[in-house]
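Protein chains in written order, with our numbering: chain V, 12 to 333; chain Y, 12 to 333.
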């Protein structure tokens, strides 16, 4: 697949940090930055930007905040074509946390939102845009949105927010290819002057496949992470995506090298990937949090059949919808 | 996806045995048999049938041969709707190795072949068919077949072999969804009175996704293995496939239970799954044997970037095509 409009957006540190509260060293993040830059990746999300009033810096690592000073320590004097940015959550960042773009090493800001909060996401994205950043909106938990509210929200973004792209986020890892096709079409129909992106989760080993299906239907902004790192089952693996995209601007070898040097040893310390409890929440279209909690219970973490029974009993279902 | 014609074909022991020379205990195989039967799986391939003159029984475990007596020890007096069978390779089995179906606990035999050997595969399948078995032909290394020879071979099967289904086997794990669509259409066009099946490999985390894509285009015979076990990167995971198929005859829980009881501990002893050298052979459309050899070299097994460089240098390519 070669299409020159396609852009690859790395979220290795930002999404991977959900596993370990962003406790990655500057040295490690610089290695990832250099590898992605050498690989020709278009965008790198270095972490979240969040208010230190809300998240105590002792408990959370530097990439929960991604302060401009920390980002500068990563870039140093390296020349790169790769754009750097952060993700922000509604209500977790204050205006003062974001300096004008010209004073920052960052180029872009992505706003994560649920469909119900699209009004707030537009406000925040426009605030960042006015400060000079390229902006994006990621719509999370897309598999639980009703079509009525989704289409209304997309039309509102089209009318009010000059974002580059709006991303389909399969937070629960529950989508199959035909649903991806349908969503990309819905996004494109309602966002005629915006690009569509996809951020897929790997609960059912479909993150890469669903990214391919989104590409086939016209999505051009593609999220991926090195070795698929990310909360729970993880994300679309960067190495698979770059090898699928036949654009000669991308190189696979730097990504393979950083997997070998950094991610293979890291995987021994923190866990992500195809693990049955995440597969179960994926097929049931549930948030992975209950599977994450199970994995921290040393007695129950591998009691897959029992977990599935619990998740599919009427009592559990009722507790959820109450 | 619910379509009543769909049949699930398990090859856990047969394909998993490629990792450890079929050294699975009868107790383990019986647990798998009971789980699959309880899950409602339609066919179980218990191993290969091969001549003991060619494979010394000391070196190879029982499922390299899958003697009728061994299969009877697995079934015991359990009543099941699941059909049992074996795979045979051309030239590795003799007529005497196959008793008439009425004297055997087996119901079906699948013949594995390359496109170039389809004549021989038809002979062998017809021999088995005359002995009373339901038969199948699996066409291996499909990603290296030319369309001319493939279509000719399929038309020959249609004309000469009363097999139930012919299977697309993505031996190298290199296919993407649009190629799967194309192949299913080619098979259906040339096999109007036969069913089409798919056996996908997981080099690029696409085994389940490609199985879904084959289903969408009309394939009804679907190979899978518990927890995705199989040589190299493994296969389409049974647990994902059963949960995708909405047919109420299938139950997920027995598969989750046997993963927990048998396959999680087994995975500590033998290796399969998403491992970068297999990903590399997949993207390069190469047989996994060179990656399997690499994984047995304790110094080089995780030297991914070097392996990729070697595989993509002109010298290596020339050595291959000579």
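The C-beta atom is built at its ideal place from N, Cα and C for all residues, glycine as well.
For residue 264 of chain Y, the residues of chain V that pass the 8 Å Cβ criterion are 316, 319 and 320, in the order they occur in the chain.
Under the DSSP definition of a beta bridge, residue 146 of chain Y partners with Y:120. When beta bridges are read from the DSSP output, residue 204 of chain Y appears opposite no residue.
Residue 178 of chain V and residue 204 of chain Y have their alpha carbons spaced roughly 44 Å apart. Only residues of its own chain outside the window of five on either side were considered, and among them 273 have a CB closer than 7 Å to the CB of residue 39 of chain V, listed in chain order. Taking 8 Å as the cut-off, the Cβ atoms of residue 270 of chain V and residue 270 of chain Y do not count as close. Close to residue 268 of chain Y, with beta-carbon spacing below 7 Å, are these residues of chain V in chain order: 316. Around the Cβ of residue 133 of chain V, a 10 Å sphere holds 16 or more other Cβ atoms; the residue is buried.
At a cut-off of 8 Å between beta-carbon atoms, residue 44 of chain V makes no contact with chain Y. In this structure the segment 86-100 of chain Y touches the segment 116-130 of chain Y; the number of beta carbon pairs closer than 8 Å is three or more. For residue 31 of chain V, DSSP assigns no beta-bridge partner whatsoever. By the rule that beta-carbons nearer than 8 Å mark a contact, residue 310 of chain V does not touch chain Y.
DSSP places residue 289 of chain V in the helix class (H, G or I) of the three-state scheme. Contact annotation: the segment 43-55 of chain Y does not touch the segment 275-283 of chain Y, with fewer than three C-beta pairs closer than 8 Å. For residue 193 of chain Y, no CB of chain V lies under 8 Å from its own CB, so it is not counted at the interface with that chain. Look at the beta carbons and you see the segment 167-185 of chain Y touching the segment 194-214 of chain Y: at least three pairs across the two are nearer than 8 Å. Using a CB distance below 9 Å, the part of the segment 201-231 of chain Y facing chain V consists of 213, 215, 216, 217, 218, 219, 220, 221, 223, 224 and 227, ordered along the chain.
Following the DSSP letters along the chain, one finds residue 54 of chain V inside the beta strand (DSSP E) bounded by residues 54-59.
Fewer than three beta-carbon pairs drawn from the segment 301-320 of chain V and the segment 72-79 of chain V are found closer than 8 Å, and the two stretches are therefore not classed as touching.
In the structure shown, residue 267 of chain V falls within a helical segment according to DSSP collapsed to helix, strand and coil. Close to residue 26 of chain V, with beta-carbon spacing below 9 Å, lies no residue of chain Y; the smallest spacing is near 17 Å. Following the DSSP letters along the chain, one finds residue 178 of chain Y inside the beta strand (DSSP E) bounded by residues 176-180. Interface flag for residue 185 of chain Y against chain V is unset, since no Cβ pair is found closer than 8 Å.
Assignment of beta-bridge partners to residue 209 of chain V by DSSP yields V:179 and V:233.
Assigned with DSSP and collapsed to three states, residue 104 of chain Y falls in coil, not helix or strand. For residue 74 of chain V, same chain residues with a beta-carbon under 8 Å away, outside a window of 5 residues either side, are 24, 25, 28, 33, 35, 40, 57, 58, 59 and 81 in chain order. In the DSSP annotation of this structure, residue 126 of chain Y is not part of any beta strand (DSSP E), being labelled neither H nor E.
Residue 241 of chain Y sits buried, since 16 or more C-beta atoms from the chains shown fall within 10 Å of its C-beta.
Non-local beta-carbon contacts of residue 216 of chain Y in its own chain, meaning distances under 7 Å to residues more than five positions away in sequence, involve 285 in chain order. Scanning its chain for C-beta atoms nearer than 7 Å, with the 5 sequence neighbours on each side dropped, one finds around residue 257 of chain V the residues 12 and 13, in chain order. By the criterion of a C-beta distance shorter than 8 Å, residue 145 of chain V is surrounded in its chain by 94, 96, 118, 119, 120 and 175, once the five residues flanking it on both sides are discounted.
In the three-state reduction of the DSSP assignment, residue 98 of chain V falls in the strand class.
Counting of Cβ neighbours within 10 angstroms places residue 221 of chain V among the buried residues, the total reaching 16 or more. Check the Cα spacing between residue 314 of chain Y and each of V:268, V:323 and V:279: the tightest is with V:268. Assignment of beta-bridge partners to residue 19 of chain V by DSSP yields V:233. Within the DSSP secondary-structure output, residue 246 of chain V pairs in a beta bridge with V:212.
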